[in-house]
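A.B. asks: The structure under discussion is supplied below as structure tokens; questions concerning it will follow.
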Amino acid sequence: LLPNHHASCTSLYKKPFVESFEETPLLVAVLTYMGYGILTIFGYLRDFLRDWKFEKCHLAREREEQKDFVPLYQDFENFYTRNLYMRIRDNWNRPIHSVPGAKMDLVERVTPDYNWTFEHTGKVLKDVINMGSYNYLGFAENTGTCADAASECTVKYGVGVCSSRQETGNLDKHEELEKLVARFLGVESSMVFGMGFATNSMNIPALMGKGCLILSDELNHASLVLGARLSGATIRVFKHNNMQSLEKLLWDAVVHGQPRTHRPWKKILILVEGIYSMEGSIVRLPEIIALKKKYKAYLYLDEAHSIGALGPRGRGVVDYFGLDPCDIDIMMGTFTKSFGSAGGYIGGKKDLVDYLRLHSHSAVYATSMSPPITQQIITSMKCIMGEDGTTLGQERLCQLSENTTYFRRRLHEMGFIIYGNNDSPVVPLMLYMPAKIGAFGREMLKRNIGTVVVGFPATPIIESRARFCVSAAHTREMLDTALNAISEVGDLLQLKYSRKNRHGREGTDLFSYLESHQD
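Heads up, the final residue of the sequence shown is numbered 519 in the UniProt record's numbering, and it's a clean run with no missing numbers.
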């Protein structure tokens, strides 16, 4: 039996840790499965009509004279794209005609063939409230200190470096940024990369290999999954934020070692994220650090969404829990969200960073970060740290926290099922049924609100959702406008599924006969 590690886990937290994952109502789950079933049946019917040339298929297909070759296109693999995704494709890849700040301008487009192709009308939808971008601190802007500094940097350094860091692409700006990131994180050293996705996918293989074990949260980002697979290490997956599941894997790894030989693992690495971008949940970092120390494992923390967005000083989930950065072996994050820029970083011990400078494919072969991108990060990070001589950074951190609390509370009061931690600026609102994915996105855009809707296979089949990202740039008036539109569309599409307390009373809608569900 495992030792009872969890009996005193609450003592690891300095404040309440509240997350909500209300269970899917039974009737909604049944109707959702039925909806996908009906779409699948009609999909096979339409494929039959395409095979007999009754309906035109616009997707790439094998030529008849190449039928004996290994196929490039698997028709069955494209089934979902042809018959389900195409029905609601107009909700994605909308061209933007302005800075994607708190408000944005969208290029209007129409489709003459049911979303297979699109044509621009020449019109622009003005001042659409942006509830989908990861612009947590509002630094995605074309005016102000950051924009001016990036503009001056472009004049001095140009836009492209056209070389890797190890050759002639190592600018003084890159070294300045790395020293600043190390101070910001509270670690010995750091290294920056031009692409956030590659920061994970190219650095994990440099750290792990055959004979190593990676323990990965089941909801980790695709970049972490790809990096783990490319490493050649053994991968085992634990249930999302479930410490009992993680400890069981750690215990088995230490006791039994590698399969067949039972030799000890060379390294055991725990892969987790700070904020999970589809669930809005926050990692249980104090418990993970306790387990990591207990079983002598290493910890890789991806703070793509949490850095700048959490903690009283904006230092991410480590700052949020008041922990020591030295307890995390590899601190990773991106500059694409809170800093309004691009790229990623790795922070930790100097020996770790020096090793990556020589062995990381993303460091050795990739082109260096663009100078104006670098300057945008430097200026915004100094603003957050208060080193620009103003209180603007702290004000934005406070505004983001207030906006997050207000937005989540209002949605809960309206009767929507929302996932995640109370302090997370990522707010998933559950839609469930496939027909409501496209309908929600279209109806919100009619009301001048830009949203992101997500469905299978990016989420479990019965957990389609709309994902809102709260920003410090949102004013209370903008949030109220968005909330009123969400409530109106929620009534129209019957999305208020929650059985929890709504203004102190039970709902009287279609699902009132269903009992309340616990988190």
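The C-beta atom is built at its ideal place from N, Cα and C for all residues, glycine as well.
Which residues in the same chain have their Cβ closer than 8 Å to the Cβ of L323, if we skip the five residues on either side of it in sequence?
C.D. replies: Excluding sequence neighbours, L323 sits near L285, P286, I289.
A.B. asks: Can you name, in chain order, every residue of its own chain whose Cβ lies under 6 Å from the Cβ of K382, other than the five neighbours on each side?
C.D. replies: Once the five neighbours on either side are set aside, the close Cβ partners of K382 are D388.
A.B. asks: At a cut of 8 Å, does the segment 405-419 reach the segment 18-30 through at least three beta carbon pairs?
C.D. replies: Verdict: yes, contact present.
A.B. asks: Does Y85 come within less than 8 Å of chain C when only Cβ atoms are used?
C.D. replies: Judged by its chain identifiers, the structure shown contains no chain C, having just a single protein chain.
A.B. asks: Give the straight-line distance between the Cα atoms of S464 and K56, rounded to the nearest whole angstrom.
C.D. replies: So the alpha carbons of these two residues sit roughly 29 Å apart.
A.B. asks: With I377 and S341 assumed to form a contact (beta carbons below 8 Å), what rounded beta-carbon distance in angstroms separates them?
C.D. replies: Going by Cβ atoms, the distance from I377 to S341 rounds to 5 Å, so yes, they are a contact pair.
A.B. asks: Determine contact between the segment 443-456 and the segment 368-375, defined as no fewer than three beta-carbon pairs at a distance below 8 Å.
C.D. replies: The segment 443-456, when compared against the segment 368-375, does not touch it at the 8 Å Cβ threshold.
A.B. asks: Using the Cβ count rule (16 or more neighbours within 10 Å means buried), how would you classify F48?
C.D. replies: Result: exposed.
A.B. asks: So, using beta-carbon positions, are F339 and F139 closer together than 8 Å?
C.D. replies: Yes, Cβ-Cβ distance for F339 and F139 is below 8 Å.
A.B. asks: So what does DSSP say about Y469, is it helix, strand or coil?
C.D. replies: The sequence given here places Cys at residue 469; Tyr does not occur at that position. Reduced to three states, the DSSP call for C469 is strand.
A.B. asks: Leaving out five residues before and five after W116 in sequence, what residues of the same chain have Cβ atoms less than 7 Å from its Cβ?
C.D. replies: The answer, listed in chain order, is H58, M86.
A.B. asks: Assign E443 to one of three DSSP states: helix, strand, or coil.
C.D. replies: Helix, per DSSP.
A.B. asks: Rounded to whole angstroms, what's the CA-CA distance from H106 to G194? Just pull it up for me.
C.D. replies: Looking at the sequence provided, one finds Leu at residue 106 rather than His. Between L106 and G194, the C-alpha separation is close to 27 Å.
A.B. asks: Let's test the definition: count the other Cβ atoms within 10 Å of the Cβ of N4 and tell me whether it reaches 16, buried, or not, exposed.
C.D. replies: Residue confidence is low: N4 scores 49 on pLDDT, short of 50, so the model does not pin down where it sits. No coordinate-derived value is stated.
A.B. asks: For Y300, does the three-state DSSP call read helix, strand or coil?
C.D. replies: Three-state DSSP puts Y300 in a strand.
A.B. asks: Please report the straight-line C-alpha distance between V110 and R410, rounded to a whole angstrom.
C.D. replies: Each residue's Cα considered, the two are about 34 Å apart.
A.B. asks: For D113, is the classification buried or exposed, using 16 other Cβ atoms within 10 angstroms of its Cβ as the cut-off for buried?
C.D. replies: Under this definition D113 is an exposed residue.
A.B. asks: With 16 as the cutoff for other CB atoms within 10 Å, does T459 come out buried or exposed?
C.D. replies: With 16 or more other Cβ atoms within 10 Å, it is buried.
A.B. asks: Grab the span of the beta strand (DSSP E) containing V454 for me, first residue to last.
C.D. replies: It spans 452-454 - the beta strand (DSSP E) in which V454 sits, taken as one unbroken run.
A.B. asks: Please report the straight-line C-alpha distance between Y134 and H256, rounded to a whole angstrom.
C.D. replies: In a straight line, the C-alpha of Y134 is about 42 Å away from that of H256.
A.B. asks: What are the partner residues of M278, as DSSP defines its beta bridges?
C.D. replies: According to DSSP, which records beta bridges pairwise, M278 is partnered with nothing at all.
A.B. asks: Tell me, please, which residues DSSP counts as bridged to N421.
C.D. replies: N421 pairs with E19.
A.B. asks: Taking the alpha-carbon of S164 as reference, which of S362, S216, S201 has the nearest alpha-carbon?
C.D. replies: Nearest of S362, S216, S201 to S164, Cα basis: S362.
A.B. asks: Is the segment 425-445 in contact with the segment 466-478, if contact means three or more CB pairs nearer than 8 Å?
C.D. replies: Touching, per the Cβ criterion.
A.B. asks: In terms of alpha-carbon separation, which member of V427, L483, H412, R476 lies closest to Y497?
C.D. replies: Taking only the C-alpha atoms, the option nearest Y497 is H412.
A.B. asks: What does the Cβ neighbour count give for I38, buried or exposed, with the cut at 16 atoms within 10 Å?
C.D. replies: By the neighbour-count rule (16 or more Cβ atoms within 10 Å), I38 is not buried but exposed.
A.B. asks: For Y136, which of helix, strand or coil comes out of DSSP?
C.D. replies: Reduced to three states, the DSSP call for Y136 is coil.
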